[in-house]
Amino acid sequence: MSTNDTSTFNQSTKNAVLAAKPSKKCCKRAHLLGMLLFGQVFGMSEIRIVGENEHILDHAAGLLKSLVEVDVSPFRETLSNQGKIAIKDEVICAKILSFFGYDKKELTTCYTILSEIFKCENCKTEFIKGVFLSCGNVSSPRKSYHLEFDVSYFNLSRELLFFLKGMSFEAKYTKRSSHYVIYYKESEKIVDFLGLIGATKENFEYNNTLIAKDIRNNLNRLNNCEMANMTKQIQSASKQIEAINKLFATGGAEGLSDDLLETARLRIENPEASLSQLAELHDPPVTKSCVNRRLKKLTQEV
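Numbering (my numbering), first residue to last: 1 to 302.
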């Protein structure tokens, strides 16, 4: 599975989030805060969000215009491989921060999650959807099980870690270069998260891939088990035949009963046969345990 496949799956997931727009004003507010707070910069002198998906920037611009009455068109820029909204007007930055309530707090930094933003039961989900749009990435399940949030600021990364834990999405945590990464590698948690953010198609794809892999793993285990049993059976038959041949070569077969001689002959003639198959070849057929007893006796005679 190529990197492009993972990129396509990640893009498809974000498009699913974009398609399921929040309806209530409080949810829209929480959603937009998730996007801006976890963008590149969120402060008094600059608010900046960057992304390869222009639809995400359109989405953020639309919410800023409808909720905060801020037109970000003059602050948009399209680069070679990504787009950017970089608001460096301090008056507009102050208006946006005030909309979310950051001007009403004694804050040394704006990089903190204000709990007052969550007004209804859906606000937290919408907030995390906004966070995912800004700094989240999910791998294609056909390549690996990996979902992560790449956060630029330590304190904010820790807040997100505990926020997710409070939503029953406890994650792992690491530092990568100058960034802080919150991540999941458990397929079940990733499936649940995709369901939470409304990525239904991607949730199904994950589940179907898990089922297919589970079936393949079970078949491999079964084949390995059968191969091991076959190897054991061949090794056992080889030892039996060697002992029987030695018995005949040394004259030890003299005085053996007709039943033992028949079993000895059938084993030599059918080296790959199982005990059950050997039992059926007897005339009349005998039981598997009977064949087993006779072969043990034959090998003990050596």
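Glycine included, C-beta positions come from ideal geometry on N, C-alpha and C.
Where residue 121 is concerned, there is no enclosing beta strand (DSSP E), because DSSP gives it neither an H nor an E. With contact defined as three or more Cβ pairs closer than 8 Å, the region 190 to 206 and the region 126 to 135 are in contact.
Within the region 52 to 89, complete beta strand (DSSP E) segments of at least 3 residues are found at 76 to 78 and 83 to 87, given in chain order. Residue 199 is positioned such that its CB atom lies closer than 7 Å to that of residue 13.
Short of 7 Å from the beta carbon of residue 51, and not among the five residues preceding or following it, lie these beta carbons of its own chain, in chain order: 57, 82 and 83. Rounded to whole angstroms, the separation of the alpha carbons of residue 255 and residue 264 is 13 Å. With three or more CB-CB distances shorter than 8 Å, the region 132 to 152 counts as touching the region 177 to 187. The three-state secondary structure of residue 42, taken from DSSP, is strand.
Counting along the chain, the unbroken beta strand (DSSP E) around residue 149 starts and ends at 147 to 151. DSSP, reduced to helix, strand and coil, places residue 209 within a helical segment of the structure shown. Residues 149 of the same chain have their beta carbon placed closer than 6 Å to that of residue 136, with the five preceding and five following residues left out of the count. Around the beta carbon of residue 221, fewer than 16 other beta carbons sit within 10 angstroms, so the residue counts as exposed.
Sorting 79, 47, 78 and 54 by C-alpha distance to the C-alpha of residue 70 places 47 at the top. Taking every protein chain shown into account, the CB of residue 125 has 16 or more other CB atoms within 10 angstroms, so this residue is buried.
When the five nearest sequence neighbours on each side are left out, the beta carbons in the same chain lying within less than 7 Å of the beta carbon of residue 159 are those of 112 and 113, in order along the chain. For residue 179, the beta-bridge partners assigned by DSSP are 176. Residue 99 is not a Cβ neighbour of residue 72, given a cutoff of 7 Å. With 16 or more other Cβ atoms inside 10 Å of its own Cβ, residue 141 counts as buried. Counting of Cβ neighbours within 10 angstroms places residue 234 among the exposed residues, the total staying below 16. For residue 137, the secondary structure class from DSSP, reduced to helix, strand or coil, is strand. The beta-bridge partner set that DSSP reports for residue 48 consists of 41 and 86. Counting C-beta atoms within 10 angstroms of its own C-beta, residue 166 has fewer than 16 neighbours from the protein chains shown and is therefore classed as exposed.
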